[in-house]
Amino acid sequence: MKKKLSGWQMAGLVAGIGCFTIVVVVAVGVAVAVSWARSAVAELGDPTPANHTRTVTLGQPSAGDAAPAGGASGAAAKGAGSKSGDPLRLTVELAEGDFTIRKGPAGGQVQVEGTYAEGMYELTENTAADEAGHSRTTIRFKSKAPLWARILGGMGGEGPNRPRLTVLIPAGVPIDLSLRVGMAESRIDLGGLTLSDLGIDLSMGNHILDFKEPVVGGLRRVRLNASMGNLTVDNLGNTGAEAIEATGSMGNFTADLGGAWQPESNAELNFSQSMGQLTLQVPSSVRLDANITNSQGGTTSSPNSDEETKDPKAP
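In this text, residue positions in the sequence shown follow the working numbering: the first is 1, and each later residue adds one.
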């Protein structure tokens, strides 16, 4: 004789069948989405990484945004497309890879070299007038696939197929420089460059920024923004900047104020950090006048150190 299920038992059975059905449906849906994403990525082209090089002439008008990979984009020019004496304007935007940015040979050309799958990623260049009417050269490296396809298709990430690029910025040329690096690991050394203005945005990854040599040419200001990742900055004194404004969020931010500050110079530095840790390392050779405010609006007096220099000519 069959035992009749109670109401609670029937409810539990129905709930169990429902949960199992949901799990099956989700699993099938994920499998279909992954298959679809991999199919979409495969249609982009050859996923095999290969070596690529590109030479970009600053200020040289470009025929389009997609110059042939591995080719030069014109002969070297001294300040082409820019008024005499004005700095050249350069924007570098890099995403989803392992990137190194540093000083290159003197001249008016940026050199880009590295390894990536041309079917999966694209390296483009364009020179056009910006909002202020100045000629600006923009170099971009990014994935061809949409975000959902990259995530579900397992594209990018760590491993031998991850793009690796080195960008060499020419020495001896006055440049207004804007750097944007995201979803990446980066090592950036801007020491020895001739910079008049510098803006840097770093996000979603671990980034190291350094100025191993003094910047040439009277850098007016540095704007630095970091989010959703960890950033270490060394030798900020080698920028020689009159003003440095740095903001960070959702990560750890460590800045070293060492470097070749000019005697008797005055620089205004502003650091702000939310949802993470901010560490400032100040050499004893620098006189510090600090105003520290916490997130509740409370103010802390300037830190005192017996090791801080008493030299009135100290920066």
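From the three backbone atoms N, C-alpha and C, an ideal C-beta is built for every residue, glycine too.
Predicted model only: the values in this text are computed from it and were never measured.
Heavy atom of the ligand GTP within 7 Å of residue i beta-carbon
i, result
"Pro214", "The model on display carries no ligand, and the ligand GTP is accordingly not part of it."
Member of the options whose CA lies at the smallest distance from the CA of residue i
i, options, result
"Lys310", "Thr293, Ser178, Arg287 and Leu269", "Arg287"
"Glu113", "Leu195, Gly217 and His52", "His52"
"Gly133", "Val282, Arg221 and Asp86", "Asp86"
"Gly218", "Ser203, Thr57, Asn238 and Asn206", "Asn238"
"Gly192", "Gly182, Val92 and Lys103", "Lys103"
"Met183", "Gly59, Glu93, Leu224 and Ser285", "Glu93"
"Pro283", "Pro174, Asn235 and Gly251", "Asn235"
"Ala145", "Leu165, Gly119 and Arg164", "Gly119"
"Glu185", "Ser203, Pro174 and Asp176", "Ser203"
"Gly199", "Asp210, Thr115 and Asn225", "Asn225"
"Thr91", "Asp210, Leu177, Tyr121 and Pro105", "Leu177"
"Gly59", "Ile175, Glu307 and Ala260", "Ile175"
CB of residue i within 8 Å of CB of residue j, strictly
i, j, result
"Phe253", "Leu269", "no"
"Phe141", "Leu123", "yes"
"Pro170", "Gly240", "no"
"Val227", "Ser249", "Note that residue 227 is Ser in the sequence shown here, rather than Val. Yes, these two residues count as a Cβ contact at 8 Å."
"Pro49", "Ala117", "yes"
"Arg89", "Arg54", "no"
"Val316", "Asp201", "Lying outside 1 to 315, the shown extent of the chain, residue 316 is not represented and no answer is given."
"Gln109", "Thr194", "no"
"Pro312", "Gln262", "no"
"Arg223", "Glu245", "yes"
"Val215", "Leu190", "yes"
"Gly251", "Leu165", "no"
Span separating the alpha-carbon of residue i from that of residue j
i, j, result
"Asp289", "Leu179", "30 Å"
"Ser274", "Thr21", "43 Å"
"Arg162", "Pro47", "11 Å"
"Gly258", "Ile101", "21 Å"
"Ser295", "Gly205", "25 Å"
"Ile188", "Ile208", "6 Å"
"Thr247", "Ser272", "5 Å"
"Thr279", "Ile17", "54 Å"
"Gln111", "Asn291", "42 Å"
"Ser143", "Lys212", "31 Å"
"Gln277", "Gly229", "11 Å"
"Asn126", "Val24", "49 Å"
"Ala129", "Thr138", "11 Å"
"Gln281", "Val181", "24 Å"
"Gly172", "Ser285", "29 Å"
"Gly71", "Tyr121", "Because Gly71 carries a pLDDT of 42, less than 50, the predicted location of this residue cannot be relied on, and no value is offered for it."
"Thr115", "Asp210", "24 Å"
"Ala260", "Glu131", "35 Å"
Residue interval of the beta strand (DSSP E) (run including residue i)
i, result
"Ser203", "Leu195 to Asp210"
"Ala95", "Leu88 to Gly104"
"Ser186", "Ile175 to Asp189"
"Lys142", "Ser135 to Ser143"
"Glu122", "Tyr121 to Ala129"
"Gln273", "Glu268 to Ser274"
"Arg223", "Arg221 to Asp234"
"Thr57", "Ala50 to Thr57"
"Asp256", "Phe253 to Asp256"
"Ser249", "Ala243 to Ser249"
"Gly217", "Where Gly217 is concerned, there is no enclosing beta strand (DSSP E), given that its DSSP letter is neither H nor E."
"Thr279", "Leu278 to Gln281"
Per-residue burial, residue i [other beta carbons within 10 Å of its own, 16 or more giving buried]
i, result
"Cys19", "exposed"
"Glu264", "exposed"
"Thr324", "Missing from the structure shown is residue 324; the chain here goes from 1 to 315 and no further."
"Ala243", "exposed"
"Gly298", "exposed"
"Ala267", "buried"
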